[in-house]
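Only one structure is covered here, and it is reproduced in the block below.
There are 2 protein chains.
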Amino acid sequence: MEKILVDGEWRAAEATDSFRAIDPNTGEALDREYPVSSRADVDAVLAAGLRASRELRDVPREKVARFLERYADLIDERQDRMAEAASLETALPVSPRLKDVELPRTTNQLRQAATAARDRSWTLPTIDTASDIRSMYGPLEGPVVVFGPNNFPFAFNGIAGGDFAAAVGAGNPVIAKAHPSHPWTSQLLAEAALEAVEEVGLPVATVQMIYRTSHADGEYLVSHPAVAATGYTGSRSAALKLKAAADRAGKPIYLEMSSVNPVFVLPGSLSERAEEIADELAGSALLGSGQFCTCPGFVVIRAGDETETFIGMLRERLEEAGVGALLGVGVVSGLGESVQTLVGSGAELVVGGSPLEGQGCRFQNTLLRTSGQDFLAAPEALQTEAFGNCSLLVVAEDGDQMVAIAGVIEGSLTGSIYSHTAGEDDALCTNIADRLRTRVGRLLNDKMPTGVAVVPSMNHGGPYPATGHPGFTAVGIPASLRRFAMLECYDNVRQDRLPAELRDESSIADLWRSINGQWTRDSIRPAAR
Amino acid sequence: MEKILVDGEWRAAEATDSFRAIDPNTGEALDREYPVSSRADVDAVLAAGLRASRELRDVPREKVARFLERYADLIDERQDRMAEAASLETALPVSPRLKDVELPRTTNQLRQAATAARDRSWTLPTIDTASDIRSMYGPLEGPVVVFGPNNFPFAFNGIAGGDFAAAVGAGNPVIAKAHPSHPWTSQLLAEAALEAVEEVGLPVATVQMIYRTSHADGEYLVSHPAVAATGYTGSRSAALKLKAAADRAGKPIYLEMSSVNPVFVLPGSLSERAEEIADELAGSALLGSGQFCTCPGFVVIRAGDETETFIGMLRERLEEAGVGALLGVGVVSGLGESVQTLVGSGAELVVGGSPLEGQGCRFQNTLLRTSGQDFLAAPEALQTEAFGNCSLLVVAEDGDQMVAIAGVIEGSLTGSIYSHTAGEDDALCTNIADRLRTRVGRLLNDKMPTGVAVVPSMNHGGPYPATGHPGFTAVGIPASLRRFAMLECYDNVRQDRLPAELRDESSIADLWRSINGQWTRDSIRPAAR
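Those protein sequence lines, which keep their order, are chains A and B.
Those letters in the first sequence? Residues 3 to 531, per the numbering used here, in order.
Those letters in the second sequence? Residues 3 to 531, per the numbering used here, in order.
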């Protein structure tokens, strides 16, 4: 049985059970056996994490930055082995994906978080000199728990992904809950993380990892008094149970749950560039076998001959494309259930709809369609997320019905509008955008949602039930760090007792501060006080 | 029966019951009779509020700013009548308090929110030109519900206070839930608010008000699909019920619940200036009869002769001070129960401890004491909030015990440390501050916590259970506006479809934006794209 990472040591779990990951290409269990941790393991990581959190307060932020960078370097050094492990466990290709796209993105996130930890601008220092009140964001007390999802073994991994980078960058230790579909990948990452922690000399429990717990122990973990906050990416049903537990205990929990990511294809754009849009849509919908949080699973289009031609183009592309393996048997069965729900709610299959028997975890590339009228009669059921290589087309009678559909979209990470480049669709576009705006975290024009750039302006978030709070983003540094932070305020506190970010004399290179309402990198001159 | 404000009209409630406010000076019911609203009233304000929220999106922000300013002007014009009404209902003095302190603070908040609505810097526009992704905070969809507390009839009133100003400043309509202890004051404010709405031409349901509902209907209100978010200031027990309902529905709720606001008086400061500190402490503890969220209800001090002398000074000051009326019979009985709990948990009365019979809602100025050891044996019971003119002194054996006490303080709005001016207490101060830092929203030096300056750097918030989330503040504009906002993101969206805040050409005077990581007021020049 493999070991868990507790307080700087790989130690045997007090396991209640064990599990093995599945090779999605064959559906067979892999060799390595991993523990299902008991409550004793949970208590152990919590106690060590709380100590680490207190120790981290006295650690120079430069050390945190160097840890993140060193960890990124180690991942780079081991990219071949890590990408192979991840490919074995997820069936995602080493290239083009795990090694050349997701892994560089992951190390880029770690390095951006290092920069944020170093330049401190993420703390939004705010100073009013007349009242001598000063505030900023700072780390929480206690470890942050990060639950990684199945679909990004690196970039959202609990021990290496965006939430991890944000929590550590903000100065918190992390308890990673590896996703049980890729425990070996997580283990390799955690080994590198621990080495980096030791080399740099951070508190050893800054990074800890367990693989799996009972549902009850998961709820215990996120609601424990020692915990600071939780970041979770995954299914809505598990998320809502964890949310209920954390909420009852007054513990922040950031959820990225599910999203249909509507794409509105407006008539002018279809007349103008149907082939191009069909290429983009099919490509985006099948990326990672459709297992992206931002997969365009829901397409709204106006009825007409051009639309029927467009649907034919899509069908052709989905039929011609290879069928990638899904991440696990649960994804295959879940997708089958979602397709059943959609069909049972009035959608018709255009292509696909069934698992590919005897080919591991594979499901036909699937497209369904329904009418705008049928959709508006059962909007909830017809927004059932079909996680995987499956999209639903809603064929609306007219522009007004497209607007009405936009008005009942539930909270989503993204919403895209394709419109005529010369403005033919502008009136309709405005009406649809008005409704989508408050329903999606990121609104796109003429672009599919699957690219999630790691830039400060990114919002990988959105209204409930896409996430648990519409004001936070899981991607985009430095904003993502502020989820794992508290607002600190100092009133009349003596200069030598203030954090460096808030002293009159600015000693941190490149630090932006809002002083008396003006953003500046300057120190406060005595005359201004 | 008085009327409720629904969709721009004062209309008769579909009442399930009625109530009258109490004159706290006499304990007698006042004349005006107010309705307890039914679910039908709740549904009516929700439906109108949702419409107003959508209409507000197309209203120029300048109009919102002018509404807030005009409303502030009307309050100023009517300050005598309003202050008299509030004094009648709360027994707080017209001067020095309602008319000359709280009312100007309230109109100042409204005017600051107007400035924020106009200059837009609260939206934190963030632009990355290389990826053409742009984000900012914008209003929510649906009305924001604001529950005002009993203790600030103006500055925290649901129809005029900080949450109201923040929600409207951010572009949301408000459903105010007036506090039933001052319905007439709230009615006068709402009349002015509606006049200002009409004069400026905002959607009439931008401001609505009901007085009271059943608990079940309150939970229905904050969890309704049409609601955007809730701001609540008041008792913890009611807050937690509303929180549970809102959490289950995935609706943001910002709570300001309760706080003991620890004050640590270090030995050197006591040797240096005991009389001065006793003056400040007694003054702060009795301000508003101790009914401030930031009342210093919990004082930690080291045992010794000087401390006994200091306790004598405090006793003397509390005995000599007048006894102000409390806000209602519930506050008197609640305070009595809290004193009982404290005494039952090992505290001794130094002075006071009983209601003043036959003098309306009055309770003796009260001071209790306990030892550090007894406190550490029952820290939860001995942190029972005693809302009103009552404080608990904890006399610690030594500095280490003071530090240990700091380590078990529960989440509080504030924490103060008094220390020797020349540095004699510095080592102890550092150790206490290290523990207090993550337990309080605002850390003060040599200052009582009752002054809450309305400046951008203020944090009137703190870790649970002081509030529901440690990253938000209820006071301090513009940060308080971001509670009632969502993160909007635009990816590849055409210039003419972007909000003004995010276009290349900056058309808003004084707008700060973070462009490619640099804060600036400049437009984006074509070369930079």
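Built from N, CA and C at the ideal position, the CB exists for glycine as well.
Can you pull the DSSP bridge partners for residue i?
| i | result |
| --- | --- |
| B:Cys392 | B:Thr368 |
| B:Thr232 | B:Val147 and B:Ile255 |
| A:Gln210 | A:Ile177 |
| A:Pro357 | A:Phe365 |
| B:Leu513 | DSSP lists no partner for B:Leu513. |
| B:Leu7 | B:Trp12 and B:Met211 |
| B:Phe21 | B:Tyr36 |
| B:Glu507 | BP columns for B:Glu507 are empty, so no partner. |
| A:Asn447 | A:Ile419 |
| A:Leu351 | A:Leu370 |
| B:Met488 | B:Gly140 |
| B:Val442 | B:Ser414 |
| A:Trp521 | A:Ser516 |
| A:Asp134 | Answer is none; A:Asp134 lacks a bridge partner. |
Count the other C-beta atoms from every protein chain shown that fall within 10 angstroms of the C-beta of residue i, then say buried if there are 16 or more, exposed otherwise.
| i | result |
| --- | --- |
| B:Arg371 | buried |
| A:Ser89 | buried |
| B:Thr187 | buried |
| A:Pro98 | exposed |
| A:Arg531 | Note that A:Arg531 scores a pLDDT of 49, beneath 50, so its modelled location is shaky and nothing firm can be said. |
| A:His181 | buried |
| B:Arg59 | exposed |
| A:Ala2 | Absent from the model: residue 2 of chain A. The displayed extent of chain A is 3 to 531, so no value can be given. |
| B:Arg83 | exposed |
| B:Asp402 | exposed |
| B:Ala349 | buried |
| B:Gly360 | exposed |
| B:Glu503 | buried |
| A:Gln111 | buried |
Name, please, each residue of chain A whose Cβ falls closer than 8 Å to the Cβ of residue i.
| i | result |
| --- | --- |
| B:Phe474 | Leu489 |
What in chain A is Cβ-close to residue i, meaning under 7 Å?
| i | result |
| --- | --- |
| B:Gly519 | Pro458 |
| B:Ile135 | Ala455, Val457, Ser459 and Met460 |
Using a cut-off of 7 Å between C-beta atoms, extract the partners of residue i located in chain B.
| i | result |
| --- | --- |
| A:Val410 | Those do not exist, as A:Val410 stays about 11 Å from chain B at its closest Cβ, beyond 7 Å. |
| A:Gly249 | The amino acid occupying residue 249 of chain A in the given sequence is Asp; Gly does not appear at that position. Asp249, listed in chain order. |
| A:Arg444 | Cys491 and Asp493 |
| A:Arg53 | The premise fails here: A:Arg53 is roughly 13 Å from chain B at the closest Cβ pair, so nothing lies under 7 Å. |
I want to check one thing, is the minimum distance from the CB of residue i to the heavy atoms of the ligand PLP below 8 Å?
| i | result |
| --- | --- |
| A:Thr475 | Looking for the ligand PLP in the displayed structure turns up nothing, as the structure carries no ligands at all. |
Which residues in chain A have a C-beta closer than 9 Å to the C-beta of residue i? List them in chain order.
| i | result |
| --- | --- |
| B:Glu143 | Arg439, Thr440, Arg441 and Pro465 |
| B:Leu244 | Residues of chain A passing the Cβ test: none, with the nearest at roughly 12 Å. |
| B:Arg214 | Going along chain A, no residue has its Cβ under 9 Å from B:Arg214, so there is no contact; the nearest lies around 26 Å. |
At 8 Å on the CB atoms, spell out the chain B contacts of residue i, in chain order.
| i | result |
| --- | --- |
| A:His471 | Pro254 |
| A:Glu268 | For the sequence presented, residue 268 of chain A should be read as Leu rather than Glu. Simply none; closest approach about 13 Å. |
List, in chain order, every chain B residue whose beta-carbon is nearer than 9 Å to that of residue i.
| i | result |
| --- | --- |
| A:Asp436 | Arg56, Arg59 and Asp60 |
| A:Arg68 | Result: empty, since nearest Cβ-Cβ is about 21 Å, beyond 9 Å. |
| A:Arg484 | Gly473 |
- Can you list the beta strand (DSSP E) stretches of 3 or more residues lying completely in the segment 255–314 of chain B, in chain order? Taken in chain order, the complete beta strand (DSSP E) segments of 3 or more residues contained in the segment 255–314 of chain B are 255–258, 264–267 and 300–304.
- Anything in the segment 447–467 of chain A with a Cβ closer than 7 Å to a Cβ of chain B? List those residues in chain order, please. Those residues of the segment 447–467 of chain A that come within reach of chain B (Cβ to Cβ, closer than 7 Å) are Asn447, Asp448, Lys449, Ala455, Val457, Pro458, Ser459, Met460, Asn461, Gly463, Pro465, Tyr466 and Pro467.
- Task: Go through the segment 138–196 of chain A residue by residue and report every complete run of the beta strand (DSSP E) that reaches 3 residues or more, in order.
- Result: Fully enclosed beta strand (DSSP E) runs of 3 or longer: 146–149 and 176–179.
- Go through the segment 34–71 of chain B residue by residue and report every complete run of the alpha helix (DSSP H) that reaches 4 residues or more, in order. Correct list: 41–58.
- Item | Near-chain B residues of the segment 487–516 of chain A (beta-carbon distance less than 8 Å), N- to C-terminal order | The residues in question are Ala487, Met488, Leu489, Glu490, Cys491, Tyr492, Asp493, Asn494, Val495, Arg496, Arg499, Trp514 and Ser516.
- Complete runs of the beta strand (DSSP E) confined to the segment 394–426 of chain B [at least 3 residues]: Qualifying beta strand (DSSP E) stretches, in chain order: 414–420.
- According to a CB-to-CB cut-off of less than 7 Å, which residues of the segment 122–133 of chain B neighbour chain A? Going along the segment 122–133 of chain B in chain order, one finds Thr128, Ile129, Asp130 and Ser133 with a Cβ nearer than 7 Å to chain A.
- Residues in the segment 101–120 of chain B having any Cβ partner in chain A nearer than 9 Å: Cβ contacts with chain A: none found.
- Below 7 Å between beta carbons is the criterion; list the residues of the segment 283–312 of chain A that meet it against any residue of chain B, in chain order. Cβ contacts with chain B: none found.
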